[in-house]
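In order, the protein sequence lines correspond to chains C and S. Start counting the first sequence at 31; every next residue gets the next number (our numbering). Start counting the second sequence at 810; every next residue gets the next number (our numbering). All remarks here apply to the structure that follows.
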Amino acid sequence: MGQTIAEKIFAAHLRDSPTPDNMVLGIDVVMCHEITTPIAIVDLMDKGMDRVFNPDRIKAVIDHVTPPKDSKTATQAKIMRDWARRHAIKDFFDIGRNGVCHALFPEKGFIRPGYTVIMGDSHTCTHGAFGAFAAGIGTTDLEVGILKGVCAFRKPRSMKIEVVGEMQRGVSAKDIILNIIKQLTVNGATDLIMEFTGPVITSMDMSSRMTLCNMSVEAGATSGICMPDRVTAQYLWPFIQQEYASVEAAVEDFTKWCSDDDAVYEKTLRIDVGTLSPQVTYDYKPDQVKDITEMAGTPVDQVYIGSCTNGRIEDIRAAASILKGRTITDNVRGILTPATPAIYSQALDEGLIKIFMDSGFCVLNPTCGACLGMSSGVLAEGEVCASTTNRNFNGRMGKGGMVHLMSPVSAAATAVTGEITDPRSFLDK
Amino acid sequence: MKQFGGIATFIDRDDINTDEIIPAKYLTEITKQALKPHLLEDLRLEDGSFDPHSESVQNATVLVARSNFGCGSSREHAVWALEVNNITVVIAGSFARIFRQNMFNCGILAVELPDEELDRLFGLAPEVRIDVDPAREKLIATDARGTKIECSFSLNPFDRELVAAGGWLAYADGKY
């Protein structure tokens, strides 16, 4: 019987199997940010267990509220900073070099096919785009990860999501994943690993694959995962060229992780994106999704472009293609947050930041910012935001606020008109 | 072994997410006790029936809800917010994976029941008390009228070990 990619990664990292259904895995990368880690650090210190299993395998960043907005967030940052210094964690990213963890760490080449990755952050599933098993965990799991380099998971069960067809203009990975979540519902993939396959995925860049995997948790999945291939190897090439003679050699090596043809899946979902329209959420759950045409005309107060879902250079380029030569309506506050300093810098080089600023957008430094209502960009009661983020929960971006999730092009079109707008009407002009 | 159970409070909704259990603005706290006054403070039910400051919520040590409880953000603060309010058992139709693991990692209980059993619990008269025995995998619920319901549930054997060990850190520290 064949194995899925997740089964292969689990087998290669197995440390213990306390029951037939539970597997304790060795972890390759333990990632940390300043919201869920400081409380783990303080707890470990209180218990006299202030140790790290391997400082080179710990990657840490201050990203959720940065620069700090008040004494409490400054204290969280300080606890992280002091801890990173104390344990000689060299891959620690502080102000000036920090960005949204799930955009920053891939960009640094920290994630490789076949790796196991954990972080005290539910969107850790993003890194499955590299053919790694990457899962969000809580603080206790993080403490054990930091101390011992292990984490327990149930035996992996996978669902196959086969994506076929040719995407229309104005449709992107964000629309695909929103539609998948609509079909699966918010717990349709609980305890499952969503394996994205098919020609649409094969031809996708890493940025789009990360967008897909990022939102797999919104269907309840343990993680999303894509097969590592030439696209993966090309992306990673600057970091792996010492290890492989050529990109082809890397691809060949990565193939060993790919799911076997006769691997067994719990369920399969096939989605033809040929007729898919841009998608948008309409209420407080990420599975409450409609075609954008059904929501057209809904007024918004704010447009937010950024986050670990859609704050990458490809997303900024896509939104800028709509904003170029246009101004956003007076009634709307536009906020752009490039996800990392490198993305910000690249966007400056390409003239994209100027397009955003000329159109009336405010440009923030890389941070998780408004997505979870922790810092700049919080909504007032009754306000509505068109957002490229991943969660539309009640109160997520501020108490009493409504968030409509959508793609970067849809958000840009919406900023121009002030109401939810089908981006295809702009692309043809 | 630690005792589980006591006065129960009921929230008749699916998909209660961790932003609703503890809003993100409190994630800047670095002590668990600081979360105590804010448990479920942003939760809104369509019929307006939920009040986080009501006596039934304040006195509860067991929380009963519907499916996919604890979805969304991985924040363990959601579990701690329950814990510092003395709620050490959540009974639901199903749980989101990370929340469920966070519960057992803290040595407290996430109990899954089928919908029919949940309907029976939701059908009880007010002032429900639920006593939970994780070793025997049984719970007994009684209401003010004296109605008594007994349910069996099953815990993943590993999760049961975590509860017995007092959580994942205690378990892992001795073993790995």
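For glycine and all other residues, C-beta sits at the position ideal for the given N, C-alpha and C.
The beta-carbon of residue 880 (chain S) is placed less than 8 Å from the nearest beta-carbon of chain C.
Judged by beta-carbon spacing, residue 309 (chain C) lies within the 8 Å limit of residue 205 (chain C), meaning their Cβ atoms are closer than that value. Close partners of residue 875 (chain S) in chain C (Cβ separation under 9 Å) are lacking, with about 11 Å as the shortest Cβ gap. The alpha helix (DSSP H) runs of length 4 or more contained entirely in the region 311-338 of chain C are, from start to end of the chain, 322-325. Chain-ordered, the chain C residues with CB closer than 7 Å to the CB of residue 976 (chain S) read 170. Where residue 948 (chain S) is concerned, the enclosing beta strand (DSSP E) starts and stops at 947-951. Note on geometry: alpha-carbon atoms of residue 388 (chain C) and residue 399 (chain C) lie some 22 Å from one another. Here the C-alpha atom of residue 99 (chain C) lies approximately 15 Å from the C-alpha atom of residue 401 (chain C). Within the same chain, 814, 949 come within 6 Å of residue 940 (chain S) by CB-CB distance, once the 5 residues on both sides are set aside.
Each residue's CA atom was taken as its position, placing residue 148 (chain C) and residue 186 (chain C) some 15 Å apart.
Shown here, residue 184 (chain C) sits in a strand according to DSSP, grouped into three states. The region 57-75 of chain C and the region 103-114 of chain C touch, with three or more beta-carbon pairs separated by less than 8 Å. Look at residue 365 (chain C) here: in three-state DSSP terms it is strand.
For residue 406 (chain C), the secondary structure class from DSSP, reduced to helix, strand or coil, is coil.
In terms of beta-carbon proximity, residue 885 (chain S) lines the interface with chain C, with at least one pair separated by less than 8 Å.
Annotation for residue 375 (chain C): the continuous alpha helix (DSSP H) segment containing it runs 371-379. 8 Å or more divides the Cβ of residue 146 (chain C) from the Cβ of residue 51 (chain C).
Note on geometry: alpha-carbon atoms of residue 141 (chain C) and residue 219 (chain C) lie some 24 Å from one another. Per DSSP, reduced to three states, the secondary structure at residue 90 (chain C) is strand.
For the options C:321, C:180, C:176, C:375, the alpha carbon positioned closest to that of residue 212 (chain C) is the one of C:321. By the Cβ criterion, the region 359-369 of chain C is in contact with the region 391-398 of chain C, since at least three pairs of Cβ atoms, one from each stretch, lie closer than 8 Å. Interface residue (Cβ-Cβ distance to chain C less than 8 Å): residue 842 (chain S) is not classified as such. Chain-order list of chain C residues neighbouring residue 822 (chain S): empty, with the shortest C-beta distance near 11 Å, by a criterion of under 9 Å. Our two residues, residue 307 (chain C) and residue 198 (chain C), have alpha carbons roughly 8 Å apart in a direct line. Only buried fits residue 405 (chain C), as 16 or more other CB atoms lie within 10 angstroms of its CB. Going by beta carbons, residue 444 (chain C) and residue 333 (chain C) fall inside the 8 Å limit. In this structure residue 295 (chain C) touches residue 189 (chain C) by the C-beta definition: roughly 6 Å separates them, less than 8 Å. Between residue 390 (chain C) and residue 409 (chain C), the CB-CB gap reaches or exceeds 8 Å.
Between residue 356 (chain C) and residue 446 (chain C) the beta-carbon gap is near 5 Å, inside 8 Å, which marks them as a contact. Contact between the region 873-880 of chain S and the region 850-862 of chain S is absent, with fewer than three C-beta pairs closer than 8 Å. Segment contact: the region 235-242 of chain C against the region 271-287 of chain C, fewer than three CB-CB distances shorter than 8 Å; contact not assigned. Only residues of its own chain outside the window of five on either side were considered, and among them 883 have a CB closer than 6 Å to the CB of residue 907 (chain S), listed in chain order. Of the residues S:924, S:985, S:911, S:931, the one whose Cα lies closest to the Cα of residue 968 (chain S) is S:911.
Measuring C-alpha to C-alpha distances from residue 890 (chain S) to each of S:835, S:811, S:962 identifies S:835 as the nearest. Separation of residue 173 (chain C) and residue 90 (chain C) (C-alpha to C-alpha, rounded to the nearest whole angstrom) is 14 Å.
Counting every other CB atom within 10 Å of its CB across the protein chains shown gives residue 297 (chain C) a total below 16, marking it as exposed.
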